[in-house]
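Working notes, structure below.
Residue numbers (our numbering): 98 to 387.
Right, dumping it as structure tokens:
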């Protein structure tokens, strides 16, 4: 199969390039400078020229807080641009994979969210990603894949932020009342390729890194791994705080854990969970930060 990847210089995009390079498939990887997905004409021209079997849209506006002050830009990138990809995908008969987020939910569920649960985003970012989902569903062949708390050896993410702050501060206050499922971008990338190969029915699927935790618990695991793997590395003290004590422009869901049972049943297998992938990511990040 031939893949076209947008947002190829982001976390997921970089991981997709890594996995596709060893997959036996051909691919075209486009960064933002290669293709502005908000430019409808450019999208159509690129897709028609490439004629991919699969389009993976890894391009996104990801700044949750900034979206509150840039709603039009967030909706244009995360929402309206998806419609350009839909039209182009339909023109060449390609499968469109749209990556979405746990932030389409409001966090009031007592159980992990399944694909059919009611959506109710709390902020502009979640609203813009939900708009993208709605546009993606207009494609002749589509997969909307919701994921959460993505981390990797690439780009900016919570793990990298913790390592950077840990060097500068003796103490960190981390929110302890927001729960989700950390997800390794490399595992997500590998799963998206397998989903394409399996020719799953069009629809919404959840992919998460398994075990749920709070941001505070995630940070604790990160620094425990650092302490064990790099003796003498500066490790800060970590204090749990509430969301109320750490106000942000955008409200986050208190519980946005995703159930990925549907995908596991469809794919007949389990992906590696985040506690298994995190140690290697930390090693790579520490090496790159020297």
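We put the CB at the ideal spot given by N, CA and C, even for glycine.
Beta carbon of residue i nearer than 8 angstroms to that of residue j
i	j	result
residue 316	residue 271	yes
residue 278	residue 355	yes
residue 247	residue 285	yes
residue 260	residue 335	no
residue 236	residue 153	no
residue 245	residue 205	no
residue 293	residue 98	yes
residue 265	residue 382	no
residue 135	residue 173	yes
Endpoints, the beta strand (DSSP E) within which residue i is located
i	result
residue 99	99-103
residue 239	239-244
residue 302	300-303
residue 269	268-272
Residue range of the alpha helix (DSSP H) that includes residue i
i	result
residue 193	Careful: residue 193 lies outside any alpha helix (DSSP H), inside the beta strand (DSSP E) at 192-198.
residue 396	Outside the modelled stretch of the chain, which goes from 98 to 387, sits residue 396, for which no answer is possible.
residue 220	Segment: none, residue 220 is in no alpha helix (DSSP H) and carries neither H nor E.
residue 180	178-189
residue 385	371-385
residue 282	282-295
residue 321	312-326
CA-to-CA distance, residue j to residue i, given in whole angstroms
i	j	result
residue 188	residue 181	11 angstroms
residue 111	residue 308	24 angstroms
residue 289	residue 313	29 angstroms
residue 280	residue 349	17 angstroms
residue 310	residue 296	32 angstroms
residue 217	residue 203	5 angstroms
residue 263	residue 321	12 angstroms
residue 374	residue 282	10 angstroms
residue 155	residue 195	7 angstroms
residue 323	residue 386	13 angstroms
residue 303	residue 104	21 angstroms
residue 329	residue 233	49 angstroms
residue 176	residue 222	10 angstroms
residue 250	residue 190	34 angstroms
residue 276	residue 376	21 angstroms
Inter-residue CB distance, residue i and residue j (contact presumed, cutoff 8 angstroms)
i	j	result
residue 149	residue 125	7 angstroms
residue 299	residue 240	7 angstroms
residue 339	residue 162	At roughly 18 angstroms, the Cβ-Cβ gap does not stay under 8 angstroms, so residue 339 and residue 162 are not in contact.
residue 432	residue 102	The structure shown has nothing for residue 432, since the chain only spans 98 to 387.
residue 291	residue 362	Rounded, the Cβ-Cβ distance is 14 angstroms, inconsistent with contact.
Practice task
Could you tell me which uninterrupted alpha helix (DSSP H) segments, each at least 4 residues in length, are contained entirely in the stretch 127-173, listed from first to last along the chain?
Solution key: Along the stretch 127-173, the alpha helix (DSSP H) occurs as fully enclosed runs of 4 or more residues at 137-147 and 168-172, listed in sequence order.
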